[in-house]
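Notes to accompany the following structure.
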């Protein structure tokens, strides 16, 4: 599995791409049911991370909430796209999910993570990349992600309060696919005008020298670390930590 020259060009010029057929129908069913279970459980125990005035909810730290989520960390069909944008030593910044409920409005445009606090012009190369693993068909009607392809080349951030752009696109893509994008393109959740929730898993990654949003090295469960392959350990960030003090060699 790899990435073609045409796909690299699309990521470079448009800043986004849909990778088809990443999750099987069985995986979609299992992940979707578990995310809804976790979301309800976290509402009951006071841990719910709700947003958009209660019309959305994040379920975070998925690597600590079920072994099946570890299968997303080093997916061979997706890794080459992250490697193209962020280099072969990229690391995981967050592994979470987002539920958008019926009635949710359009969100505000933003760029991801460290880019939001950086001065313009933004770097000419990608620092962060995001991916949405679709557990429902995404449509313009149910909150398909709004984004502005190619705007990352302008190296600018959306002004505060920006809610629309004349060149915006509302994502249409089938469940099971992955929408992967340069974190510098303007994007936002769309309004959900249907009577059904729309759900996505989110795998957000960064270059190895960028501080990730979540401290996986110190806060993933010991059994998760024990199961991790060398590649997964690198993605979790174990290979990109600051060096400790020297120890005696004899």
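Numbering (the UniProt record's numbering), first residue to last: 1 to 250. Yeah, the Cβ is synthetic: ideal placement off N, Cα and C, and Gly gets one too. Here the structure is a predicted model, which is why all the values come from computation and not from measurement.
Buried or exposed by the 16-neighbour rule on C-beta atoms within 10 Å, applied to residue i
i           : result
residue 219 : exposed
residue 6   : exposed
residue 260 : No statement about residue 260 is possible, as the shown extent of the chain runs from 1 to 250 and does not include it.
residue 126 : buried
residue 122 : buried
residue 44  : exposed
residue 68  : exposed
residue 65  : buried
residue 166 : exposed
residue 1   : exposed
residue 40  : exposed
residue 243 : exposed
residue 164 : exposed
residue 53  : exposed
residue 32  : buried
residue 229 : exposed
residue 248 : exposed
residue 71  : exposed
Own chain residues within Cβ distance below 8 Å of residue i, not counting five before or after
i           : result
residue 217 : 236, 237, 238, 241
residue 13  : 150, 153
residue 202 : 94, 95, 96, 97, 98, 130, 131, 132, 133
Three-state secondary structure (DSSP) of residue i
i           : result
residue 169 : strand
residue 156 : coil
residue 177 : coil
residue 249 : coil
residue 62  : helix
residue 124 : coil
residue 255 : Any answer about residue 255 is impossible in this case: the structure gives the chain only from 1 up to 250.
residue 138 : strand
residue 218 : helix
residue 198 : strand
residue 148 : coil
Contacting residues, own chain, Cβ-Cβ under 6 Å from residue i (five flanking each side not counted)
i           : result
residue 103 : 55
residue 140 : 170
residue 168 : 146, 148
residue 138 : 144, 171, 173
residue 231 : 74
residue 184 : 111, 115, 122, 152
Start-to-end residues for the alpha helix (DSSP H) that takes in residue i
i           : result
residue 36  : 25-45
residue 6   : 5-13
residue 234 : 230-236
Sequence-distant residues of the same chain with beta carbon closer than 7 Å to residue i, five excluded per side
i           : result
residue 192 : 100, 101, 102, 103, 104, 142, 143, 198
residue 200 : 97, 98, 132, 133, 134, 135
residue 120 : 155, 156, 157
residue 38  : 59, 65
residue 30  : 68
residue 42  : 48, 59
residue 85  : 11, 126, 129, 182
residue 207 : 86, 87, 90, 127
residue 82  : 90, 129, 205
Unbroken beta strand (DSSP E) run spanning residue i, endpoints
i           : result
residue 57  : 56-59
residue 185 : It is not in any beta strand (DSSP E) - residue 185 carries neither H nor E in the DSSP assignment.
residue 84  : Careful: residue 84 lies outside any beta strand (DSSP E), inside the alpha helix (DSSP H) at 79-86.
residue 50  : 49-51
residue 18  : 16-19
In chain order, each beta strand (DSSP E) run of at least 3 residues that lies wholly inside the segment 91-121: DSSP runs (the beta strand (DSSP E)) wholly in the segment 91-121: 91-100.
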